[in-house]
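For the working numbering, count along the sequence shown from 1 and bump the result up by 3.
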Amino acid sequence: MTKYIFVTGGVTSSLGKGIIAASLAKLLQARGYKVTIQKFDPYINIDPGTLNPYEHGECYVTEDGAETDLDLGHYERFLNVPTSQANNVTTGRIYQHVIQQEREGAYLGKTVQVIPHITDEIKRRMQLLGQSGEYDIIITELGGTVGDIESLPFVEAVRQLRWELGANNSLVIHLTLVPYLAAAGELKTKPTQHSVKTLLEYGVQPDILVCRTEHKLSQEIRKKLAQFCNVNINAVVESIDASTIYDVPLLMLKENLDKTALTKLKLSNKNEPDLENWKNFLGKLKNPTNEVCIALVGKYIELPDAYKSITEGFIHAGATNECKVKVSYIAAESVTKENVAEKLKGMDGVLVAPGFGERGLDGKLNAIKYVRENNIPFFGICLGMQCSVIEFGRNVLGLKDANSFEMDANTSNPVINLMEEQKNITNMGGTMRLGAYDCEIKKGTKAFAIYGKTKISERHRHRYEFNNDYLKQYEAAGMIASGFNPETGLVEIVELKNHPFFVAGQFHPELKSTVANPHPLFVSFVAAALANKKSK
Ligand code: GLN
């Protein structure tokens, strides 16, 4: 029978529930259990696809094309197992389903209410992955903070489900903050006590407390937390600030979080966790022999979470190259023809980020022209790839108004065009070209040297594409298409022939980079940046 672990958060947001969930899952997986993690978000959007990155950071896309919360990225990076649409559910999706059922008459004249109809639908979705028979343990992370009005139905669903699942089949981990008051020189337990009290009001007794803290928890503090929150003292787990999120599984191992959880679920903890590869990765990450500086040119740079997976992709690739990657976030809008050399000074490589809309376009084009002409390694992702095509069109092919249809629908040279299947779409949510598509790589290209094979699959999130009417012209001038969708001919990768490293993809390689499988494009780009640095 599948066991269920619920992770709730208290006191404040941003305590790192996703990292705790992913770390626990990693430990359980390392002990041989089949685990997946799902996230239930209390907001009303059907999915985060329509959200500005400034709201909740990057939108993570799964293999099956779901636009999801960025925590799913952590789950995949830690576990190296793909997630899917079922792994991320919002209030909006729950209500949408219930309201649709109501319109179909499925409730047979009953009044449709939060309890039982909404909570039933939440419970059904919480158990969907569990019923697939694929997993021993399902970890469900509840978004938001306990006490929020909008998360109430989710907490109530957890209460009901625990009762239905019966003893020893589920447990609740509550993540809280134990703040340090510098003036008093003390760690404070009261916010945690109040947060647990709120959970108790809803009928949910947490089994394990994970306490975010800047200082070590003394035995005395642990005892106080245990006593006032009705948990065993060994179920008070310290989660001290770490220098990298990839340390957290080992910190949780030291605190016996996995053992405590397994004991409560009456599951064996005999197999010691096999974390050898993880430790190897950490060893390389923490002992770099080199350093490179990479510029990330984008328009959401005030919030690094907007580029979460890219940042993590560099961490994985850095470790592989035993090289620290220092990423400088550069506001695309600030890059002009006049200051581009100054802005990119000291950069060993430049990445132009994905994005939407016109803001910052000129700055991205200025950066690309500069790296193209100065042989600085360049890596373009999605909009970054489209920008490299526009730049080449304008400055090499002489198509002065070359542009993307997204930026200028009246251009006489739409080198990036709206995809055919997008032309009649009016709904914005979930309608882009999303998820995994095959790509065929041409032999003899840089892309082939990087991937070492001709058949790959990558994830997508876009409406526009390279306009194949211009392909001959581009290839004749040295920008070649080295990857194609085998069914539609859509250009997936472009690269420059006469450049040390100028590679750009219409897809999002950052979404597939994990600790166990750093993405080859990131790895090669970092290696190229390192070679560039050494040649200087
Ligand atoms: N805005 C571009 C498109 O829709 C690129 C999207 C992206 O970078 N994810 O095609």
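Glycine is no exception: its CB is placed at the ideal position from the N, C-alpha and C atoms.
As the structure is a prediction and not an experimental result, all values here were calculated from the model.
For the pair leucine 254 and alanine 298, the CB atoms are not nearer than the 8 Å cut-off. With a threshold of 7 Å, the Cβ atom of leucine 386 counts as near ligand 1, since some heavy atom of the ligand is closer than that.
Leucine 155 and histidine 100 have their C-alpha atoms some 19 Å from each other.
Beta-bridge partners assigned by DSSP to threonine 11: His177. When beta bridges are read from the DSSP output, arginine 464 appears opposite Leu437. Taking C-beta atoms as the reference points, tyrosine 46 and glycine 76 fail to come closer than 8 Å. Between the alpha carbons of isoleucine 211 and phenylalanine 395 lies a distance of about 57 Å. Put simply, of Val355, Lys287, Val213 the residue whose alpha carbon is nearest the alpha carbon of glycine 301 is Val355. Excluding the 5 residues flanking it on each side, proline 489 has same chain C-beta neighbours closer than 7 Å at Asp441, Glu443, in chain order.
Straight-line spacing of the CA atoms in glutamate 189 and cysteine 214 works out to 15 Å. C-alpha of asparagine 471 to C-alpha of leucine 493: approximately 8 Å in a straight line. Cβ neighbours of tyrosine 303 within its own chain (closer than 6 Å, five residues either side excluded): Pro56, Ala309. Distance from glutamate 144 to glycine 21 at the Cβ level is roughly 6 Å; contact confirmed, criterion being Cβ atoms closer than 8 Å. Inside the region 398–423, DSSP marks whole beta strand (DSSP E) runs of 3 or more residues at positions 417–421, from first to last along the chain.
Uninterrupted beta strand (DSSP E) stretches at least 3 residues long and entirely within the region 309–387 occur at 326–334, 352–355, 381–384, given in chain order.
Arginine 34 is positioned such that its CB atom lies no closer than 8 Å to that of proline 182. Per DSSP, phenylalanine 487 is one residue of the beta strand (DSSP E) stretching across 482–487.
Set against 7 Å, the gap from the CB of glycine 358 to the closest heavy atom of ligand 1 is smaller. Beta-carbon to beta-carbon, proline 380 and asparagine 535 are separated by about 6 Å, close enough to satisfy the 8 Å threshold. Contact check for asparagine 91 and lysine 42: beta-carbon distance about 5 Å, within the 8 Å limit, so the pair qualifies.
Judged by the Cβ position, tyrosine 467 qualifies as a neighbour of ligand 1 at the 7 Å threshold, a heavy atom of the ligand being closer than this. Runs of the alpha helix (DSSP H) spanning 4 or more residues and lying entirely within the region 234–321 occur at 251–257, 260–267, 279–289, in chain order.
Comparing C-alpha distances from glycine 455 to each of Gly68, Glu294, Leu524, Gly321 shows the shortest one belongs to Leu524.
Membership of aspartate 139 in any beta strand (DSSP E) is not indicated, and neither H nor E is assigned to it by DSSP. For threonine 148, the closest alpha carbon among the candidates Tyr332, Ser16, Ala170 is that of Ser16. Between lysine 367 and cysteine 385, the CB-CB gap reaches or exceeds 8 Å.
In the DSSP assignment, glutamate 495 falls within the unbroken beta strand (DSSP E) covering 494–499. Bounds of the alpha helix (DSSP H) holding alanine 530 are 523–538. Excluding sequence positions up to five before and after tyrosine 373, its CB lies within less than 7 Å of the CB of Val343, Ala344, Leu347, all in the same chain and listed in chain order.
Relative to ligand 1, glutamine 130 has its C-beta separated by 7 Å or more from all heavy atoms.
Between proline 357 and glycine 387, the C-beta gap is smaller than 8 Å, which places the two residues in contact.
Between the region 497–506 and the region 480–487 there are three or more inter-stretch CB-CB distances shorter than 8 Å, so the stretches are counted as touching.
Between the alpha carbons of aspartate 365 and threonine 414 lies a distance of about 16 Å.
Restricting attention to Glu258, Phe408, Asn520, the CA atom closest to the CA of arginine 225 is found in Glu258. Non-local beta-carbon contacts of tyrosine 473 in its own chain, meaning distances under 6 Å to residues more than five positions away in sequence, involve Val418 in chain order. Unbroken beta strand (DSSP E) stretches of 3 residues or longer found wholly inside the region 6–82: 6–12, 38–44, given in chain order.
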